[in-house]
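Presented below is the structure to which this report refers.
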Amino acid sequence: MAFEKVSTILKEVDAKKTAVLAFDCYNYESIAWIIETAEELGTPVIVMLHPGMMKYITAELFAKITKTLAKKAKIPVGLHLDHCDSFDTILGVIKAGFTSVMIDGSRLPYEENVRATCEVMKAAHALGADVEAELGKVGIAANTSDFKNEDMYTTPEQAADFIDRTKVDSLAIAIGNAHGYYVETPKLDMNRLKEINKAVDTPLVLHGGTGIPDDQLKQAFKLGISKLNLATEYFALFYSTTKDYQQIKDKKDSLFSLWAYQKKEIQDYLRNKLSLTIPDAKTSR
Ligand code: 13P
1128 MAFEKVSTIL
1138 KEVDAKKTAV
1148 LAFDCYNYES
1158 IAWIIETAEE
1168 LGTPVIVMLH
1178 PGMMKYITAE
1188 LFAKITKTLA
1198 KKAKIPVGLH
1208 LDHCDSFDTI
1218 LGVIKAGFTS
1228 VMIDGSRLPY
1238 EENVRATCEV
1248 MKAAHALGAD
1258 VEAELGKVGI
1268 AANTSDFKNE
1278 DMYTTPEQAA
1288 DFIDRTKVDS
1298 LAIAIGNAHG
1308 YYVETPKLDM
1318 NRLKEINKAV
1328 DTPLVLHGGT
1338 GIPDDQLKQA
1348 FKLGISKLNL
1358 ATEYFALFYS
1368 TTKDYQQIKD
1378 KKDSLFSLWA
1388 YQKKEIQDYL
1398 RNKLSLTIPD
1408 AKTSR
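Right under this line is the structure:
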């Protein structure tokens, strides 16, 4: 158990016909509380660093915290670099101890996405790291057209060609999902997911987990999603619980009381989310 490669975790959850949750983190607490809750539930988990968070914490320190906590955990814990379009940053982060990275070439024309992904694959695999790529465009959930416009979606044919040419370890797809708060409830294209899953053997990743209803998430896990990315709603809880605490009558005016309150609220959220990945006999893929 303990610290594990993301590709190994994806194989394990795939065999159990479920998914692993992957959370963007930015400090010690956001990493530690996820690992602690996942351990309580007995589920694997992936801790992710978004390049935008590197102004708050270095990749070296982030990797050290995750690995130190993972070594003591009785569940598999993965470490992954989220959305990155810079080859140099990817190499730097691998050297800092990351064992999985995402090359996001989804904004590039198709052939350039293939080329950029192959370049990262070659370097990352030589250094023992896994690679996630993205095909289709996962836009911004504040723009209805970004998640309702099927022209942005991944096609099964292109997914098969992309995997064949890049041999990536996992593929993020666009099926009606987008990043941030959705302006209206999303409706994932489950038929498309089924077709993509039929067309490729590679584990599929769903980004934009914030605000996707739980029933759709569970169905998506059954139909082939092996990794779900979450960030916005997780980060938002660190802020909203700080505000909510101020409204509590008879609260103790102490940093550590606030901290205990936040931890409880945030771990309740994590428990709910992580439990979606625990397969019950009737709902397995
Ligand atoms: P949300 O911020 O919508 O949860 O998406 C997170 C994500 O996909 C990170 O890669």
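Numbering (this note's numbering), first residue to last: 1128 to 1412.
Ideal Cβ positions, reconstructed from N, Cα and C, are used throughout, including at glycine.
Excluding its 5 nearest sequence neighbours in each direction, E1166 has C-beta neighbours in its own chain below 7 Å: A1200, K1201 and I1202, listed in chain order.
Residues A1268, A1269, N1270 and T1271 of the same chain have their beta carbon placed closer than 8 Å to that of V1310, with the five preceding and five following residues left out of the count. Residues R1398, L1401, S1402 and I1405 of the same chain have their beta carbon placed closer than 8 Å to that of L1168, with the five preceding and five following residues left out of the count.
Two segments are said to touch when three or more pairs of C-beta atoms, one from each, lie closer than 8 Å; by this definition the stretch 1257 to 1265 touches the stretch 1226 to 1244. In the structure shown, the three-state DSSP call for K1354 is strand. Excluding its 5 nearest sequence neighbours in each direction, F1130 has C-beta neighbours in its own chain below 7 Å: K1194, A1197, K1198 and V1204, listed in chain order.
With contacts defined by Cβ atoms closer than 7 Å, L1235 and L1208 do not form a contacting pair. Taking 8 Å as the upper bound for CB-CB distance, H1306 and V1265 are in contact here, some 6 Å apart. By the criterion of at least three beta-carbon pairs nearer than 8 Å, the stretch 1149 to 1164 is not in contact with the stretch 1214 to 1228. Residue ranges of uninterrupted beta strand (DSSP E) with 3 or more members, entirely inside the stretch 1304 to 1348 and ordered along the chain, are 1331 to 1333.
Relative to E1187, the option among E1163, W1386, P1171 and A1223 whose CA is nearest is A1223. If you draw a straight line from the Cα of T1293 to the Cα of D1328, it comes to about 13 Å. One thing to note: Y1388 has its Cβ within 7 Å of the Cβ of Y1372. Under the three-state reduction of DSSP output, I1202 falls in the coil class, being neither helix nor strand. Buried is the label assigned to T1281, since at least 16 other Cβ atoms lie within 10 Å of its Cβ. Between ligand 1 and D1209, a heavy atom-to-CB distance of less than 6 Å is present. For L1235, there is no enclosing beta strand (DSSP E), since its DSSP letter is neither H nor E.
At a Cβ-Cβ threshold of 7 Å, N1304 and G1338 do not count as neighbours. Comparing alpha-carbon positions, the option among L1364, E1163, Q1343 and D1278 lying closest to E1392 turns out to be L1364.
With a contact defined as Cβ atoms closer than 8 Å, L1350 and N1324 qualify at about 6 Å. Close CB contacts of M1181 within its chain, under the 6 Å cut and outside five residues either way in sequence, are absent.
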